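**Student:** Structure provided below as structure tokens; questions to follow.
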Amino acid sequence: MSKITDMTKTHNWSGQKLVSIEHMLFEAPRTKHFMTGSEVLKEAVKRATVDASVSYPITPQSEAAHLIGELWAEGYVGVYFRGENEFGVMSEVAGCSMAGARTVTTTSGPGTLRAMENFAMWSGTRAPMQLCLMARGINSPLSIQPDNLEVQYLLETGCMIWYAENVQELFDMSLAAFTVAEQPDVHVPIITAVDGFFVSHTREAVELPDDDIALQPYNPYAAPLPPIDSEMPPGRFLRDPFVMKSNYISYATHASWQWEIRSAVERSKPYARKLLNGLVHTSGNLDAEIAFVACGTASNQAKEGQRELEKLGIKSKVIKLRTIRPFPEEELIKELDGIKHVFVPEFNVVGWLANEVKAKLYGKVDVNIHAGPKVAGGMSLPAEAIIQEVMEVVNPGKGA
Amino acid sequence: MAKDSIKIRMPALGGQGAVTAAHIAATAADTEGYYAVSNPFFGAEKRMAPSESYARIGTVPIYDRGEVIYPDIVMIYHPQVITMGKSYTMPFYAGIKENGLVIINSDKDLLTAEDRKTLDDLNVKVLTRDFTQFAIEQAGTELATNMAMLGALFGALGTVSKPAIEEGIKDRFLKKYTASGGTATLDSVIEKKFKKKMDLIQKNLDTASAAFDLTAEWCKEVGFEQMLEAPGK
Amino acid sequence: MALDIYKVNPEFRDIMPKEIIDLEENATWAQNQEKPRGIKELPETKELLEEHSLCAGCPEAATLRYVLSALPKPEETVIVNSTGCTSLMFPHIALHTVHSLFGNQNAVASGIKRVLEWRFPDKQKDVVVLAGDGATVDIGLDYTLQSFFRQEKITTICFDNEVYANTGGQESGMTAKGQVFKMAPTGKKFDKVPMWELAKTSGCHYSVNMTGSAPKAVAKAVREAILVAREIGPTYLNIYTPCILEIGLSANEGLGEMKAGDKHRFEFYKHVSPEAEEYLKKCKKEGIL
């Protein structure tokens, strides 16, 4: 194992050269590899000067979690162990982050729900840990495939939520995530969501910088709350149970604190815009009247659908949302200029993204928003289904 | 001009029975034919910690919930509410409405000149009296302070009769009552003190009744007008 | 560095309340002591607890004061607390403390301890869990025992009042069989959980069951437990601190109840593993016990 004392001003404890996030993401030369999402998460963590990680098995994130363990054995990650269940793991992660560590963990579906109480505690504690969420169906009945309903449960936890579309995006996003989450004027947890199996277990081409460089370490003394390490005067807020002083103080603090957390998430926008190259990404026919608004695999499928529709003479564009929290309202409104029909394809029975889009756009954009097509349980969403849905709306009665 | 509904805020200390008082006040008002609601507000259950309760009484249905932020009547159950700031509002009468009433349990006048001016400007009357001593004299125990305060409240309102108050007290102490841990413990302490439950009821009634009369007298003296309209029945 | 964090900025000294100045000038920080800290200093020094808002006469409050006076190095101690009456005192403690979720205290403590060892390999930082019986044995049992299985180098102190006091007096796993509390109107149906024995079989190298009746005994157990946790493995202290409110006692009857406990249900139990025994002998020789 490594020792933190091996870190110098120019190199971290595993001998990697410390570079800026801009260099890592935009300047360092890259070489082509062919790997799965789980493997790429290991590559990202390897280059991120990560202090701690805690893991627990659940499909489909077990591989990513154990690969981070290998990084620990190889000396890249400082602290690592297997926790007892997801609630325990997320509390252990909270402890790690509060004590000043750059911390990353993973979970999926039922594991997310088991840990649920922790996520609002994370954001309330202003700890900048990263959770790589590999979406999977929630019981009952049990399904291990990538239904992403669990993301809806997380929407109001006060954490940032980004959504990676493919293996490449997962790599770049998870590195940018540490940087943005740790900004002193942001400093809230970040969830990088990605679809299980369709990304975690799918092998595809990626471009990676060499592994002899790594991000600058986390500086817990730049945080808005002091870390719990007896090296700074104790912070007397938020980690205290205020109700024990007075109900009045506790509700007033809770209210102002919660507002502040939501503001902090909004303040992440300029950093995220820069490091993600935009909070949304648009592709396809830019002069179309039909648009798909999607995230994750649904965006991939929409792109497939867009290509096929174009062959049928129907123009459409795909507006991929990279961030869900903060919601990229400004960017989306701009991209919807000239659009008449919006389709929101999704991998869940509720259509939570369509609900978000409708809520945010109400009264601001005059478009017809169609929540669908939706598939649930993590079944696949072929382009044909998307095309059919579009046809039924724009060519009603005439069939696909 | 009497109103169709009033809100009462009772800042007290844990263990004094303010929550019980609010409960009885609402029950009595309900018996008299009013719409009435009562609720407590406290953090962890601790003796001598701030403990506030509220009662809302009216001739119209009551929708308002939670803390009473704009009270018509404020009842201070213990001097420490003011002297040690054991209150959720600062000053203790914050939000009080015009023509309101403040009842303070204290053997000393605790108002500053500024307090007096502010309250005068709002035409708010203040009754300061050592109700704890009063309770000891009437019932032999300071745990009856809340009964004295209740009597004072109804003496000032004038539209809830003594039989209705008796009904409220009986309802609380005779029926099986779901109480918090601290309250249940105090209940059993007070029960041990009185041989029969009826003795306890009678002493409570006597204390409330005596305070009722005393306050009704005081209202005439200071020209405190009827605040709440009589129930429609 | 440690004591520096309690130093007052010289420019603000004249407006600081006396209690804060006292903390800097008159508290028994380990750095300032030659001998191990203990009860004897309590009457003359500034305690690390400013005040508390527990009921008058609460045995938990007294016992916490003994615990704080016995920490081997308070300026380098992080205390992890949990929801319950114990958390009423935590906003008033001068040290780094954390209150997270009900029952997760040992999990949070595990994360903190491991990261502090990683970030400060050359410093001795103690992580101590202090929670009630509900947090330790019921809702947190999984995390408490698992931290023992994993051999986390932390000390777990349970203030056992055999009831969920802060929520109004409900039955807990540590309630004695037959005792009537809320949610057990006809008496608890199963035995008190022998947490101190579970601690032993789960991997604790030092496990004690006692009451808070004797300050010096509490202080000794705390010192030993923390020292063992530094070098050997997890340690557990179960301390009976009765809830006088829920069992109908008055403010000055708590001590008598604990003394009665010493004789019957809380007869002193102590388990020390051979390695821990060795280590404590060494500490005694070096004068740090």
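Residue numbers (the working numbering), protein chains in the order written: chain B, 1 to 400; chain W, 1001 to 1233; chain H, 2001 to 2289.
Idealized CB from N, CA, C, for every residue including glycine.
These numbers were taken from a predicted model, which means no experiment stands behind them.
Using DSSP with H/G/I as helix, E/B as strand and the rest coil, what is W:H1023?
**Tutor:** W:H1023 falls in the helix class under three-state DSSP.
**Student:** Can you list, in chain order, the residues of its chain with a C-beta nearer than 6 Å to that of H:V2272? Leave out the 5 residues immediately preceding and following it.
**Tutor:** Answer for H:V2272: Y2206, listed in chain order.
**Student:** Under 8 Å between beta-carbons, which chain W residues line up against H:A2056? List them in chain order, please.
**Tutor:** Those are R1047, M1048, listed as they occur along chain W.
**Student:** Is B:P141 buried or exposed, if buried means 16 or more other CB atoms sit within 10 Å of its CB?
**Tutor:** So B:P141 counts as exposed.
**Student:** Spatial neighbours of H:Q2151 within its chain, please: CB distance less than 8 Å, with the 5 preceding and 5 following residues excluded, ordered by chain position.
**Tutor:** Excluding positions up to five away in sequence, the list reads G2203, G2233, P2234.
**Student:** Restricting to Cα atoms, I'd like to know which of W:K1203, W:N1105, W:A1113, W:A1029 is closest to W:K1228.
**Tutor:** Position check: residue 1228 of chain W holds Leu in this sequence, whereas Lys was assumed. Ranking W:K1203, W:N1105, W:A1113, W:A1029 by Cα distance to W:L1228 puts W:A1029 first.
**Student:** Just to confirm the assignment, what range does the alpha helix (DSSP H) spanning W:D1121 have?
**Tutor:** Looking at the DSSP string, the run of the alpha helix (DSSP H) that includes W:D1121 is 1113-1121.
**Student:** Using a C-beta cutoff of 8 Å, does H:I2226 count as contacting chain B?
**Tutor:** It does not; no Cβ of chain B falls within 8 Å.
**Student:** Which whole-angstrom value is the C-beta distance of B:A65 and B:T103, which I expect to be below 8 Å?
**Tutor:** Actually they are not in contact, since the Cβ atoms of B:A65 and B:T103 sit about 13 Å apart, beyond 8 Å.
**Student:** Taking DSSP as the reference, what is the three-state secondary structure of H:G2287?
**Tutor:** It is coil, neither helix nor strand.
**Student:** For B:S108, name the three-state secondary structure that DSSP assigns.
**Tutor:** Three-state result, B:S108: coil.
**Student:** What span of residues does the beta strand (DSSP E) with B:M35 cover, start to end?
**Tutor:** Note, B:M35: beta strand (DSSP E), 30-35.
**Student:** Does any residue of chain B bring its CB to less than 8 Å from the CB of H:D2142?
**Tutor:** So, interface residue.
**Student:** Are the beta-carbon atoms belonging to B:A264 and B:V188 less than 8 Å from one another?
**Tutor:** Contact: yes.
**Student:** Grab the span of the alpha helix (DSSP H) containing H:E2246 for me, first residue to last.
**Tutor:** Looking at the DSSP string, H:E2246 is not in any alpha helix (DSSP H), and its letter there is neither H nor E.
**Student:** Taking C-alpha atoms, which residue in W:K1125, W:E1217, W:D1187, W:G1232 lies nearest to W:M1075?
**Tutor:** The option with the nearest alpha carbon to W:M1075 is W:K1125.
**Student:** Just how far apart, CA to CA, sit B:F343 and B:Q152?
**Tutor:** Roughly 19 Å between the two C-alpha positions.
**Student:** Where W:K1170 and W:L1013 are concerned, what is the direct C-alpha to C-alpha distance, given to the nearest angstrom?
**Tutor:** W:K1170 and W:L1013: Cα-Cα distance of roughly 24 Å.
**Student:** Closest to B:P209 by CA distance: which of B:C96, B:S143, B:K17, B:K320 is it?
**Tutor:** Nearest of B:C96, B:S143, B:K17, B:K320 to B:P209, Cα basis: B:K17.
**Student:** Residues of the region 96-119 of chain B with a CB closer than 9 Å to any CB of chain H: list them in chain order, please.
**Tutor:** Residues passing the 9 Å Cβ filter: C96, S97, M98, A99, G100, A101, T103, E117, N118.
**Student:** What do you reckon, are the CB atoms on B:A181 and B:A101 nearer than 8 Å?
**Tutor:** Contact flag unset, no.
**Student:** Can you grab the Cα-Cα spacing for the pair B:S2 / H:W2118, in whole Å?
**Tutor:** Taking the straight line from one Cα to the other gives about 9 Å.
**Student:** Figure out for me which residue from H:W2196, H:V2180, H:T2028, H:K2282 has the closest Cα to the Cα of H:F2190.
**Tutor:** With distances taken between Cα atoms, H:F2190 lies closest to H:V2180.
**Student:** To which residues of the same chain is B:P217 closer than 8 Å at the C-beta, ignoring the five residues directly before and after it?
**Tutor:** Same-chain partners within the cutoff: M7, N12, L18, T49, D51, R102.
**Student:** Return yes when the Cβ of B:Y163 is within less than 8 Å of the Cβ of B:A193, no when it is not.
**Tutor:** Contact flag set, yes.
**Student:** Grab me the residues of W:S1038's own chain with a C-beta within less than 6 Å of its C-beta, minus the 5 sequence neighbours each way, in chain order.
**Tutor:** Closer than 6 Å at Cβ, skipping near neighbours: A1022, H1023, A1026, A1055.
**Student:** Using the rule of at least 16 other Cβ atoms within 10 Å of the residue's Cβ for burial, across every protein chain shown, is B:L279 buried or exposed?
**Tutor:** Burial call: buried.
**Student:** Looking at the unbroken beta strand (DSSP E) that takes in H:F2090, where does it start and where does it end?
**Tutor:** Segment: none, H:F2090 is in no beta strand (DSSP E) and carries neither H nor E.
**Student:** Taking only three categories from DSSP, how would you classify B:S316?
**Tutor:** Three-state result, B:S316: coil.
**Student:** At 4 residues or longer, what runs of the alpha helix (DSSP H) sit wholly inside the region 1149-1224 of chain W?
**Tutor:** Within the region 1149-1224 of chain W, the complete alpha helix (DSSP H) runs of at least 4 residues are 1162-1174, 1181-1193, 1197-1222.
**Student:** Taking the C-alpha atoms as reference points, what is the distance between B:P220 and W:I1069?
**Tutor:** Answer to the nearest angstrom: the Cα atoms are 41 Å apart.
**Student:** Could you please give the first and the last residue of the uninterrupted beta strand (DSSP E) stretch that includes W:I943?
**Tutor:** With chain W covering 1001 to 1233 only, the question about residue 943 of chain W has no answer from this structure.
**Student:** Name the two residues that bound the continuous beta strand (DSSP E) containing H:L2237.
**Tutor:** 2235-2240 is the extent of the beta strand (DSSP E) around H:L2237.
**Student:** I believe B:L149 touches B:V357 by the beta-carbon criterion, under 8 Å. Please report the beta-carbon distance rounded to the nearest angstrom.
**Tutor:** So it is not a contact: roughly 16 Å between Cβ atoms.
**Student:** Between B:N247 and chain W, is any beta-carbon pair separated by less than 8 Å?
**Tutor:** For B:N247, the answer is yes, since a Cβ of chain W falls inside 8 Å of its Cβ.
**Student:** Could you check the C-alpha separation between W:I1190 and W:E1137 for me, to the nearest Å?
**Tutor:** Approximately 16 Å, taken between the alpha carbons.
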